[in-house]
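> Residue numbers (the numbering used here): 195 to 472. Beta carbons: idealized from backbone N, C-alpha and C, even for Gly.
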Ligand code: UTP
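(1) Three-state secondary structure (DSSP) at residue 202?
(2) What's the call for residue 339, buried or exposed, on a 16-neighbour Cβ count within 10 Å?
(3) Could you check which residue in 311, 418, 389, 346 has the C-alpha nearest to that of residue 408?
(4) Classify residue 350 as buried or exposed, calling it buried when 16 or more other Cβ atoms lie within 10 Å of its own Cβ.
(5) Hey, residue 230 and residue 222: beta-carbon distance below 8 Å or not?
(6) Mind the definition here: the region 311 to 322 touches the region 353 to 365 only if three or more C-beta pairs lie below 8 Å; say whether that holds.
(7) What do you reckon, are the CB atoms on residue 423 and residue 277 nearer than 8 Å?
(8) Return the residue from the list 197, 461, 442 that minimises the CA-CA distance to residue 192.
(9) Rounded to a whole number of angstroms, what is the C-alpha to C-alpha distance between residue 261 and residue 204?
(10) Can you tell me which residues form a DSSP beta bridge with residue 384?
(11) Looking only at its own chain, which residues have a Cβ that is under 7 Å from the Cβ of residue 367, when we skip the five neighbours before and after it?
(12) Give me the Cα-Cα distance between residue 333 and residue 297, rounded to the nearest whole angstrom.
(13) Within 7 Å: the Cβ of residue 326 and any heavy atom of the ligand UTP?
(14) Would residue 402 pass as a contact of residue 439 if the rule is Cβ separation under 8 Å?
(15) How about the region 433 to 448 and the region 252 to 261: do they share at least three Cβ pairs that are nearer than 8 Å?
(16) Quick one: give me the first and last residue of the alpha helix (DSSP H) that residue 346 is part of.
(17) Do three or more CB pairs link the region 209 to 225 to the region 277 to 291 at distances below 8 Å?
(18) Using three-state DSSP, classify residue 469 as helix, strand or coil.
(19) Using 8 Å as the threshold, is the C-beta distance between residue 287 and residue 236 below it?
(20) Report the three-state DSSP secondary structure of residue 289 (helix, strand or coil).
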């Protein structure tokens, strides 16, 4: 069984860059106009053929679970009114997908969050979306583009984009050999390198397809930079065996984990994506 059915959403981070709003509200619930970031992620996963949404949460994140559940009171209030269409997308998601949750008890990094999700994923290849990287595309969504590649190459795939050299400190950065157009076989991978030693300006963004052996590797991966278990370190173990591709995706990414990126995405969405009242 090789079809990718599940998407993991690590959503346990504190979102300190958005304090104070993230004191009692999950960063993933911040809206681009009227839809929370995580809903765009779920829609992207659905468009790529997945219907199992696995969410790694933490303390203070219950609003995510409530969002992907029916609110009977609200349904009763809104039924038959001219606002009912506003619930169309979320109703569709709830009827098509199953949601499962687990909590990351200690925030020990993205790699640790992904390992925490093992119980929801099991022994199958899966996708990962970091909902604070919001991506817009003209054709297929980013994850759908990556699933097509997975069907051909059957190995882990990370999405990358070119960044200004001075920004390498914010990202995992790869070096690799060109395998096909926009596709590299990863040779090297470094977490948040100094621009002077970064192996390239190709940065990993928040979309991954991972083969399930990543869990055993993560279990053996010692804490790296800043005491956290890094997914880049675990991926490097796969890359040494030639099993990681990096894909320069078609589309545009907004870094909604930063205030600037979030404001840019909000403005973009208000003009280009937001569905206005009919
Ligand atoms: P970030 O590095 O953006 O951290 O995590 P953060 O806590 O969300 O935000 P800031 O930096 O404090 O503002 C990248 C992604 O990894 C998840 C986050 O939820 C986010 O989606 N993450 C990170 C976890 O789920 N657990 C962790 O221990 C760390």
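Reading from the atomic positions:
(1) strand
(2) buried
(3) 311
(4) buried
(5) yes
(6) no
(7) no
(8) Limits of the chain in this structure are 195 at one end and 472 at the other, which puts residue 192 out of reach.
(9) 16 Å
(10) 367
(11) 384, 387, 392, 393, 394, 396, 397
(12) 34 Å
(13) yes
(14) no
(15) no
(16) 336 to 347
(17) no
(18) coil
(19) yes
(20) helix
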